[in-house]
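For reference, each letter of the sequence shown is one residue, going 164 to 425 in the working numbering.
Have a look at the structure below, then the notes.
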Amino acid sequence: MAWIFDEYSKFHGHSPAVVTGKPIDLGGSLGRDAATGRGVMYATEALLAEYGKSISGSTFVIQGFGNVGSWAAQLIHEKGGKVIALGDVSGTIRNKAGIDVPALMKHRNEGGQLKDFHGAEVMDASELLVHECDVLLPCALGGVLNRENAPDVKAKFIIEAANHPTDPEADEILTKKGVVVLPDIYANAGGVIVSYFEWVQNIQGFMWEEEKVNMELHKYMNSAFQNIKAMCKSQDCNLRMGAFTLGVNRVARATILRGWEA
């Protein structure tokens with residue numbers, strides 16, 4: 164992103180707002196690295212509160228321990244959530260008493276693989292998505308929840324931190340099972356929201372403190388959830404359809420206002 168910014172600026176003058184995800188020293192935003200995972204945590208908080216629950220005391224299974232999964236795990240751990248199983252390409256582990264996420268982060272940052280972490284036992288990767296838990300967070304690949312494993316999912320809530328982790332057949336199965344799925348179009352939006360904040364800071368020429376970035380992200384995620392919930396109520400639909408309908412309606416209204424109505 165630094166290279167894109169630099170090349171564009173050679174021809175058009177100093178233009179930090181041309182691209183986001185830049186290094187902090189070149190106009191990037193504080194809080195951007197954790198933004199997607201933090202947004203996932205805020206989305207999880209909002210959904211659980213709707214059902215009279217909270218992150219604290221709930222059990223979590225996380226697939227993926229890259230940027231999104233690791234930040235989500237850390238922030239959920241800080242909120243009192245218990246991450247009982249976790250997996251990535253380097254291994255899949257569990258600890259019914261809760262994985263020590265800070266210790267796992269230290270192990271990973273020192274070059275260790277999940278399968279070699281001493282604070283948990285190794286488990287079969289195929290068992291991760293169907294492990295008993297309150298909340299399942301797929302944070303890695305798309306299409307991991309399908310008709311083969313959806314019937315065996317035991318989580319009460321699924322937060323789609325990855326892009327399109329649930330295929331249409333699985334979505335139907337999970338809905339019939341009563342599993343609440345928070346769609347990716349909302350749940351993993353934290354990163355692009357903070358990229359928008361970066362653009363705003365660049366055009367203002369005034370950089371925000373990280374506390375303000377996180378506060379604004381929290382506000383946007385909560386507001387979006389309330390809007391989705393209202394759409395679900397008015398259309399009598401699930402969260403995915405509510406989020407899609409909300410987005411399409413906004414585009415449709417803007418299109419009409421611009422005189423593009425057919």
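Beta carbons: idealized from backbone N, C-alpha and C, even for Gly.
These figures come from a predicted structure and were not determined experimentally.
Put residue i into one of helix, strand or coil per three-state DSSP.
{"i": "LYS245", "result": "strand"}
{"i": "GLU273", "result": "coil"}
{"i": "ILE262", "result": "coil"}
{"i": "ASP251", "result": "strand"}
{"i": "VAL293", "result": "coil"}
{"i": "LEU304", "result": "coil"}
{"i": "ILE256", "result": "strand"}
{"i": "ILE225", "result": "strand"}
{"i": "GLU424", "result": "coil"}
Look at residue i and residue j and say whether their C-beta atoms are less than 8 Å apart.
{"i": "ALA325", "j": "CYS296", "result": "no"}
{"i": "GLY282", "j": "ASP263", "result": "yes"}
{"i": "ALA248", "j": "ARG257", "result": "yes"}
{"i": "GLN226", "j": "LEU292", "result": "yes"}
{"i": "GLY410", "j": "ALA303", "result": "no"}
{"i": "GLN245", "j": "PHE280", "result": "Looking at the sequence itself, residue 245 is Lys, so the reference to Gln does not match. The answer is no: Cβ separation not under 8 Å."}
{"i": "THR183", "j": "TRP423", "result": "no"}
{"i": "LEU168", "j": "LYS185", "result": "Reading off the sequence shown, one finds Phe at residue 168, where the question assumed Leu. Yes, they are a contact pair."}
{"i": "ILE321", "j": "VAL342", "result": "yes"}
{"i": "LEU189", "j": "ALA212", "result": "no"}
Keeping to the same chain, check which residues put their C-beta closer than 6 Å to that of residue i; ignore five residues upstream and five downstream.
{"i": "ALA198", "result": "GLY353, GLY354 and VAL357"}
{"i": "SER178", "result": "TYR171 and SER172"}
{"i": "ALA180", "result": "TRP362, ASN365 and ILE366"}
Ignore the nearest five residues each way along the sequence and tell me which others in residue i's own chain have a CB closer than 8 Å to its CB.
{"i": "LEU380", "result": "GLY194, ALA198, ARG201, GLY202, TYR205, GLY353, ILE356, VAL357 and PHE360"}
{"i": "VAL285", "result": "GLY254, THR255, ILE256 and LYS278"}
{"i": "GLU208", "result": "SER217, ILE218 and LYS242"}
{"i": "ALA387", "result": "TYR349 and ALA352"}
{"i": "CYS395", "result": "ASN401, LEU402, MET404 and GLY405"}
{"i": "SER221", "result": "LEU211, GLY244, LYS245, ASP297 and VAL298"}
{"i": "THR408", "result": "MET394, GLN398 and CYS400"}
Contact defined as beta carbons within less than 8 Å: I believe residue i pairs with residue j. What is the distance between those atoms, to the nearest angstrom?
{"i": "LEU402", "j": "LEU345", "result": "6 Å"}
{"i": "ASP287", "j": "ASN309", "result": "Contact flag wrong, Cβ pair sits at about 17 Å."}
{"i": "ALA406", "j": "ILE348", "result": "5 Å"}
{"i": "SER192", "j": "GLN364", "result": "6 Å"}
Taking 7 Å as the limit between beta carbons, can you name the residues of its chain near residue i, skipping five residues before and five after?
{"i": "TYR383", "result": "ILE356"}
{"i": "ALA235", "result": "GLY200, VAL203, MET204, ILE225, LEU300, CYS302 and ALA324"}
{"i": "HIS270", "result": "PHE280"}
{"i": "ASP315", "result": "VAL293"}
{"i": "GLN276", "result": "SER253 and GLY254"}
Those runs of the alpha helix (DSSP H) which lie wholly inside the stretch 176-214 and span at least 4 residues: Counting whole runs of 4 or more residues, the stretch 176-214 contains the alpha helix (DSSP H) stretches 198-213.
Tell me the start and end of each unbroken alpha helix (DSSP H) in the stretch 310-341 that is at least 4 residues and wholly inside, in chain order. You should have 331-340.
Threshold first: 4 residues or longer. Then list the alpha helix (DSSP H) segments lying entirely within the stretch 365-412, N to C. The stretch 365-412 contains these whole alpha helix (DSSP H) runs: 373-398.
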